[in-house]
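Numbering (the UniProt record's numbering), first residue to last: 1 to 500. Backbone N, C-alpha and C define an ideal beta-carbon position, used for all residues, glycine too. It should be emphasised that the depicted structure is a prediction, and the values quoted were computed from it without experimental measurement. Before any comments, here is the structure.
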């Protein structure tokens, strides 16, 4: 009996010691010299993060960390892992270009969490390089000019809808510019990526969100990585986010893309390897054979890349356009100067192409300043320290996640005069350096940044040549962070028709 009691006591003591050592080891910071919140065993800094995350204010949480701890912060995460937040331009460049003392790679975690496992955003290493090499033709001048033409076309269609909805005798209409830009970019991307008409603008007058089945499914794809992160894969089925469950929920996406692909394959085969006509969309490029006659991408890769390009170009472009109108409404003198340039430039040539659009200097200054204050992506994350790193005098332990605080760098007084002010004039004699990275940088820089730039600029030229945006009082606009930081609760703008 005494031996049995001794055995039980010893086992309990050993278990308690083991749990204690586990808790102690998991509460010991691997990046101990880097300042940051202490966190708690198992949950890290989750308790501090949750109130911000639940309200779409994680960007404010990151900002407060940088203000409190400085340009390098260690953030304890649930499960004992750690994330290092970098808000220093030189250090960010060394990470993004993999030039730090040690080795950094894009994390495999996003590929695990996303549904689109064969899309550019999820890929890393050699597979990413192969896809990027084959997809550069999507951004040659001819393709960019198609983007410009589609943007101008759907902007004109949007303005026609505004005109139809304007009360007789008035020359102004108040619109939710975020809703308008979301609908317009949906139609633009449908055209240039899939040669498909979503007709989102036809539903712009609907008081409910402007979403068809495809758009609803795509919106679901955006939220999946965040829903899966922090949950064991074994529980994904319980939460309704397993791969099989999502495949069923996302059926409208796969049905549409498969239908488009089947039609295009038939046309390509019928005409000896290439679809006839000068206008080619993204799926045409994905279906093209290489020099050996083999297709460059598998069916799964084609669908994932097409969906990835849609997701990558939709919310980001719509939010950038919305922030542009937000800033213009606060700064009417900028609107006047911008309209003067637009009027002068289109007086001599109304048909826009990428070369002509690049000559709109003040438009470029406005665009650059909007991206500085309101970058499409708040953070460039999903990097992992493969080995121990030396960054800013600190050791970052192998296995640590690394996040580049793009928004913090671009709003830092360390790099910008009057950093919080909207001042397009600063770009007249300014060549951006490491402190400006709205599309990230390095090997994984956004491949579609030129297309997004053309879409935003062509849209602004079309709309500002016909309308003047004016501030609407009584609003409390707030950016909501979910994949992108946008005015997702809407932003009302009075659009006043110009009579030239």
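Three or more C-beta pairs under 8 Å: does that hold for the region 350-368 against the region 143-153?
yes
Please confirm if the region 479-487 is in contact with the region 317-324, defined as three or more CB-CB distances below 8 Å between the two stretches.
yes
If you draw a straight line from the alpha carbon of residue 411 to that of residue 265, how long is it in whole angstroms?
CA-CA distance, residue 411 to residue 265, rounds to 48 Å.
When we look at the beta-carbon of residue 24 and count the other beta-carbons within 10 Å, is it buried (16 or more) or exposed?
Only weak support exists for where residue 24 lies, its pLDDT of 45 falling under 50; the coordinates are left without a value.
Which residue comes first and which comes last in the beta strand (DSSP E) that contains residue 106?
104-106
Return helix, strand or coil for residue 195, following the three-state DSSP convention.
Residue state for residue 195 is assigned as coil, using DSSP reduced to three classes.
Do three or more CB pairs link the region 88-96 to the region 432-440 at distances below 8 Å?
yes
DSSP three-state label for residue 288, please.
coil
With residue 403 as the anchor, note down where its alpha helix (DSSP H) starts and where it stops.
No alpha helix (DSSP H) contains residue 403, which is instead part of the beta strand (DSSP E) from 401-404.
Using the Cβ count rule (16 or more neighbours within 10 Å means buried), how would you classify residue 429?
Label assigned to residue 429: exposed.
Quick check on residue 416: does DSSP put it in helix, strand or coil?
coil
By the 10 Å Cβ neighbour count, where 16 or more other Cβ atoms means buried, how is residue 312 classified, buried or exposed?
Burial call: buried.
So the candidates are 479, 402, 376, 385; which of them puts its Cα closest to the Cα of residue 448?
376
Tell whether a beta-carbon distance below 8 Å holds between residue 41 and residue 48.
no
From this set, 465, 173, 267, which residue's C-alpha is nearest residue 342's C-alpha?
465
Mapping the DSSP letters down to three states, classify residue 396 as helix, strand or coil.
Strand, per DSSP.
Where in the region 65-103 do unbroken runs of the alpha helix (DSSP H), each at least 4 residues long, occur, reported from the N-terminal end onward?
89-96
Note down, in chain order, each residue of its chain lying with its Cβ closer than 7 Å to the Cβ of residue 253, except the 5 sequence neighbours on either side.
Within the same chain, residue 253 has close Cβ partners 214, 217, 218, 307.
Measuring only the C-alpha atoms, how far is residue 384 from residue 102?
11 Å
With DSSP collapsed to three states, give me the class of residue 58.
Per DSSP, reduced to three states, the secondary structure at residue 58 is helical.
Would residue 499 be called buried (16 or more neighbouring beta carbons within 10 Å of its own) or exposed?
exposed
Determine the direct distance from the alpha carbon of residue 453 to that of residue 361, and round the result to whole angstroms.
Computed Cα separation, rounded: 13 Å.
Could you pull out every residue in the same chain whose Cβ sits closer than 7 Å to the Cβ of residue 331, ignoring the five residues on either side in sequence?
422
For the putative contact between residue 82 and residue 400, defined by C-beta atoms under 8 Å, what is the C-beta separation to the nearest angstrom?
5 Å
Comparing C-alpha positions only, which one of 386, 363, 279, 77 sits nearest to residue 141?
279
Please tell me whether residue 176 and residue 491 are closer than 8 Å, where the distance is taken between their beta carbons.
Remark: C-beta atoms of residue 176 and residue 491 approach each other more closely than 8 Å.
Bridge partners of residue 385, per DSSP?
Per DSSP, 104.
Considering only the alpha carbon of each residue, which of 138, 165, 446, 285 lies closest to residue 497?
Nearest neighbour of residue 497 by Cα position, chosen from 138, 165, 446, 285, turns out to be 165.
Assuming residue 286 and residue 267 are in contact, meaning their beta carbons sit under 8 Å apart, how far apart are those beta carbons, in whole angstroms?
Actually they do not touch by this definition, with Cβ atoms about 14 Å apart.
Is residue 272 buried or exposed, if buried means 16 or more other CB atoms sit within 10 Å of its CB?
exposed
So who's on the other strand from residue 492, going by DSSP bridges?
176
Give me the Cβ distance between residue 96 and residue 450, rounded to the nearest whole Å; I'm assuming they're in contact under 8 Å.
No, residue 96 and residue 450 are not in contact; Cβ-Cβ is about 19 Å, not under 8 Å.
Helix, strand or coil for residue 497? Go by DSSP, reduced to three states.
strand
Report the option in 106, 115, 74, 116 whose CA atom is closest to the CA atom of residue 126.
106
I need the boundaries of the alpha helix (DSSP H) containing residue 465, first residue and last residue.
No alpha helix (DSSP H) holds residue 465; DSSP gives it neither H nor E.
Flag this pair as yes or no: are the beta carbons of residue 389 and residue 104 separated by less than 8 Å?
yes
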